[in-house]
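There are 4 protein chains.
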Amino acid sequence: MSTTRIYTLTISCPDRAGIIAAVSGLIAQHGGFIVEASYYTEQEMQRFFMRQEIRADSLPFGLTEFNAHFTSLAKEFDMDWHISDSAQKKRLAILVSKQDHCLNDLLHRWRTGELNVDIACVISNHMDLSSFVEWHKIPYHYVDMSNKESAFDTISNLYNSYQADAMILARFMQIIPPSLCQRYPGKIINIHHSFLPSFVGAKPYHQAYQRGVKLIGATCHYVTNELDAGPIIEQDTVRIDHGDTVDDLVRYGRDIERAVLSRGLRYHVEDRVLVWGNKTIVFR
Amino acid sequence: MSTTRIYTLTISCPDRAGIIAAVSGLIAQHGGFIVEASYYTEQEMQRFFMRQEIRADSLPFGLTEFNAHFTSLAKEFDMDWHISDSAQKKRLAILVSKQDHCLNDLLHRWRTGELNVDIACVISNHMDLSSFVEWHKIPYHYVDMSNKESAFDTISNLYNSYQADAMILARFMQIIPPSLCQRYPGKIINIHHSFLPSFVGAKPYHQAYQRGVKLIGATCHYVTNELDAGPIIEQDTVRIDHGDTVDDLVRYGRDIERAVLSRGLRYHVEDRVLVWGNKTIVFR
Amino acid sequence: MSTTRIYTLTISCPDRAGIIAAVSGLIAQHGGFIVEASYYTEQEMQRFFMRQEIRADSLPFGLTEFNAHFTSLAKEFDMDWHISDSAQKKRLAILVSKQDHCLNDLLHRWRTGELNVDIACVISNHMDLSSFVEWHKIPYHYVDMSNKESAFDTISNLYNSYQADAMILARFMQIIPPSLCQRYPGKIINIHHSFLPSFVGAKPYHQAYQRGVKLIGATCHYVTNELDAGPIIEQDTVRIDHGDTVDDLVRYGRDIERAVLSRGLRYHVEDRVLVWGNKTIVFR
Amino acid sequence: MSTTRIYTLTISCPDRAGIIAAVSGLIAQHGGFIVEASYYTEQEMQRFFMRQEIRADSLPFGLTEFNAHFTSLAKEFDMDWHISDSAQKKRLAILVSKQDHCLNDLLHRWRTGELNVDIACVISNHMDLSSFVEWHKIPYHYVDMSNKESAFDTISNLYNSYQADAMILARFMQIIPPSLCQRYPGKIINIHHSFLPSFVGAKPYHQAYQRGVKLIGATCHYVTNELDAGPIIEQDTVRIDHGDTVDDLVRYGRDIERAVLSRGLRYHVEDRVLVWGNKTIVFR
């Protein structure tokens, strides 16, 4: 809920001496004021990652001119880089089925201003949640899943027409087809109701109950072609015991799913997540 | 560290009305004073489980006579049951390799009286920890693993000759052969350095690092024929992040392994664990 | 969300041998089927506490006749006791000010059936949340706090006229007067935004920030005459670090407040909480 | 357990644009390779804090020459700063009374190389732990507390003669006199057996039991003149319930005390803790 306008610069490049000096030198040279700075070097691949928040009003120019100044430095260090402006809110398309515990949580965080996003639309394969969404004055789109291919075409078209930046699967009980995963890499975020890699696929709470585990969990991850195997953004667990039925696990699960999704989504929205291979760097 | 002598009665039987009344009625009839009582009905199988602690000095007789009084009731309700006497400490054989974080923890809890057991002996495939164990005046047995079959015969013989009640694998880096698992069902307790069922087998921290999980865990379980698949007694997790190397995971892991093993072992020692199929009821 | 109708019997009495036998004997004699049973003996005062869930359809009579059968036994053991019927939902009056994170959470749990209660009304000293509450078709009452005495008379009258069973202070930023606390002992439940007894009173997150603690917490407790000093039902903590501002603490706090309140309230609603002096026994 | 030799540079100064650029520029100019870097700006006081790990072998000179190069920059930015060399292990004097759970834990971490320190000596007001300490070939000094003033003179002399860098109160049940606190600011580390600021002073577990809290905790902090009120380095909590006696709290407490002390001490030893007023910045 920061009211200061911020530019967030994220960089990934091969590690070597002098990167921090070069980047912070360039920013300092223009009077740029760094509010938050995080660095990490992955040792195996000798890959360097950084994230810096710069106060927008401390620079004498906007992002276009920043890009012009930064390009040659980025080339010199072979950087993958990105800069975003907190004044440009990310636009989310939220996909749900019948369960609304994650949706209810995200809408609350949005309407109180905790989550700094626009919610472009909610898309569902059921009508159950339309009234609640519409009370928020957010468009609700029902999509018939009887023909999966055309259904996902519709979803993709909605996503594009709303100019959404991320697709949030807030307990959307349908498997996203590979074509869609490939079209939006790093843009589709799912909440899976287990502590991955345990209990991939359907009915993870039933699987957990059968195995007799003493904790259950939830996992927020980017969606890739391989089911429940994409880069993990956030996870958490909660203690259960022998007395808990599958229904109890589902109930505990709702609490942990919404907590994990909302944290993971916040990291994503604030450009705190950098993906490298199948892993994430999360600068919390 | 209770100084009161306690009988601990554990029962498992098909569920029906009147079990608690029958058992507590029998105990009350002889003036028995119940200190702690726990019940659980598994709904799928309609199986009833209970655990009661009775003050030994409140009964006018000892365990032999108790057994005589209890047998017909147990038959009527088709009970699996067991009663133990806190004055008869369980005897542990502890198996270790080179790492001593679990051993160090268990010996500390034993020498301060927190863990109400006798430590019959420590058995190892290395000599590294002999001096530390012997400082405690506990016998240390080195077993050469070059011939696995004779090595495990030696271990089994040691276990029997010390009249041990449980075999604790406190980071013993050898797979227990099926013959031994079958000989001592519910008696061999392992600490596995992952949150099972994730990362079965060797090098779980490397597996966790590769997968990019955001929490790691440890699991205390009874050993069965199937590797890392026996009934789980206790588990826990700890948060890590992208900056943690495999060495860091191993370091965090040591803390959580010893915590989980010591809790699971205490539950076992105090007869708080009832096994049913591949699951445990733990009356904490 | 159990669909089975349940009677919940709670008892507190001086400890002695035979209580469990007497109670479970009486229930068994009428064919009563115990679904869940919990016991605890407080050692200092030698006080016994129990809670039993009995399947309503296993008894040949209703609560009136049960009471008749139970009265003499209760007298014999000098019991404080209570029995409730899951078919008679508890009725809540929820009090809020401007912040709605707890209210939003409670209404979600209510409308999905997770929380087995009726919400009689919402009462507030602000109009901000009226539209959201009314979407749920729940009466919303604004109370002007400029005259505190008449305001609390109004609140008390509303509570009585709705025949409410509990008053939930879901971030109601007004101190309840002693007269009201005394009129409804064990009926007023508050969520305090600190880990009590730390940071009593106003602005606990500012206090926590100033002290430099490394975890913050929340406390659900019964309201008594002494501010923030009533019997604690539930608490929890969450890790923070030096980088978190007061605004961040408030944000983390919202998550933990709603979690702690919803758990504490569930325990209360399911008659899992027995109060003894200034402490609670919570049979989870 | 890093085997790479590392210089750790910590800085605290008034915030302004260009600090990171200046510091990392100086290091880069000499080929210095930054392994880990952390920054934080305290907003109220506009104070900047940083910590950098530099690979020793990447610089063409040692610490003396580094200091010469760094002094003018430090003056320009009005820095409080410090640089340490991982090859120069910190020397600890550990103070204990009769309970050894923290001592046992610290000695284990030291003898396995996890804690990169020298343990100069152990000082105690009891003889109980001498044999265990001496098995580690660490000097053990008994100090008679009947005359407090001379006792603390002895302790101070021992600390000085061993050239210790930090004094660790690992459950030393004596209050450190103000004179000693003032002589070694930021050098005396205590583990307090409560979640401060709750339950200051004696018998915190009894206080927690009487209050009926649902979690207990431990706090690692620097010792100052005011009892249990110094800057907090690390804290944690653990769940308890109504069934736990004071003895149970003490037992849970031992686990959390040693965990919190060992984490806090590691942060201190690795120069991850910067003190500012009565708060700490901990760059984990």
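For the protein sequence lines, the chains are R, W, D and L, in the order given. Following the numbering used here, the numbering of the first sequence begins with 10 at its first residue and continues without gaps. Following the numbering used here, the numbering of the second sequence begins with 10 at its first residue and continues without gaps. Following the numbering used here, the numbering of the third sequence begins with 10 at its first residue and continues without gaps. Following the numbering used here, the numbering of the fourth sequence begins with 10 at its first residue and continues without gaps. The beta-carbon is built from N, C-alpha and C at its ideal position, and this holds for glycine as well.
Beta carbon of residue i nearer than 9 angstroms to that of residue j
i	j	result
residue 7 (chain W)	residue 266 (chain W)	Missing from the structure shown is residue 7 (chain W); chain W here goes from 10 to 293 and no further.
residue 128 (chain L)	residue 145 (chain L)	yes
residue 252 (chain L)	residue 288 (chain D)	no
residue 168 (chain L)	residue 193 (chain L)	yes
residue 214 (chain W)	residue 269 (chain W)	no
residue 29 (chain D)	residue 37 (chain W)	yes
residue 196 (chain D)	residue 176 (chain D)	yes
residue 224 (chain D)	residue 204 (chain L)	yes
residue 232 (chain W)	residue 199 (chain W)	yes
residue 109 (chain L)	residue 137 (chain L)	yes
Run of the alpha helix (DSSP H) containing residue i, from where it starts to where it stops
i	result
residue 266 (chain R)	255-278
residue 21 (chain R)	Where residue 21 (chain R) is concerned, there is no enclosing alpha helix (DSSP H), although the beta strand (DSSP E) it sits in stretches over 15-23.
residue 39 (chain L)	Counting along the chain, residue 39 (chain L) falls outside any alpha helix (DSSP H), and DSSP gives it neither H nor E.
residue 157 (chain L)	157-170
residue 52 (chain L)	Segment: none, residue 52 (chain L) is in no alpha helix (DSSP H) and carries neither H nor E.
residue 192 (chain L)	187-192
residue 72 (chain R)	72-85
residue 181 (chain W)	From DSSP, residue 181 (chain W) is part of no alpha helix (DSSP H); its letter is neither H nor E.
residue 140 (chain R)	139-144
For residue i, the nearest candidate out of the options (CA to CA)
i	options	result
residue 178 (chain L)	L:67, L:273 and L:18	L:273
residue 46 (chain L)	R:37, R:60 and R:54	R:60
residue 13 (chain R)	R:48, R:82 and R:63	R:63
residue 173 (chain L)	L:181, L:164 and L:180	L:164
residue 171 (chain D)	D:275, D:99, D:69 and D:281	D:99
residue 285 (chain W)	W:25, W:96, W:57 and W:75	W:57
residue 86 (chain R)	R:70, R:27 and R:293	R:27
residue 31 (chain R)	R:291, R:88, R:235 and R:16	R:88
residue 35 (chain L)	L:241, L:69, L:280 and L:231	L:69
residue 255 (chain D)	L:212, L:52 and L:162	L:52
residue 189 (chain D)	D:201, D:234 and D:202	D:234
Three-state class that DSSP yields for residue i in the structure shown
i	result
residue 215 (chain D)	helix
residue 31 (chain L)	helix
residue 99 (chain W)	strand
residue 282 (chain R)	strand
residue 10 (chain R)	In this prediction, residue 10 (chain R) has a pLDDT of 43, which is less than 50 and means its spatial position is unreliable; what the coordinates show is noted afterwards. Residue 10 (chain R) falls in the coil class under three-state DSSP.
residue 123 (chain L)	coil
residue 202 (chain D)	coil
residue 288 (chain D)	strand
residue 116 (chain W)	helix
residue 293 (chain R)	coil
residue 150 (chain L)	strand
Delimiting residues of the beta strand (DSSP E) encompassing residue i
i	result
residue 133 (chain R)	126-133
residue 235 (chain D)	Here residue 235 (chain D) belongs to no beta strand (DSSP E), and DSSP marks it neither H nor E.
residue 244 (chain D)	241-248
residue 26 (chain R)	Looking at the DSSP string, residue 26 (chain R) is not in any beta strand (DSSP E), and its letter there is neither H nor E.
residue 93 (chain W)	89-94
residue 57 (chain L)	56-64
Problem - the region 31-47 of chain D in contact with the region 17-27 of chain L per 3-pair CB rule at 8 angstroms - result: no
Practice task
Would you check if there are 3 or more beta carbon pairs closer than 8 angstroms linking the region 103-122 of chain D to the region 114-129 of chain R?
Solution key: yes
Problem - Three or more C-beta pairs below 8 angstroms linking the region 80-90 of chain D and the region 155-169 of chain D - result: no
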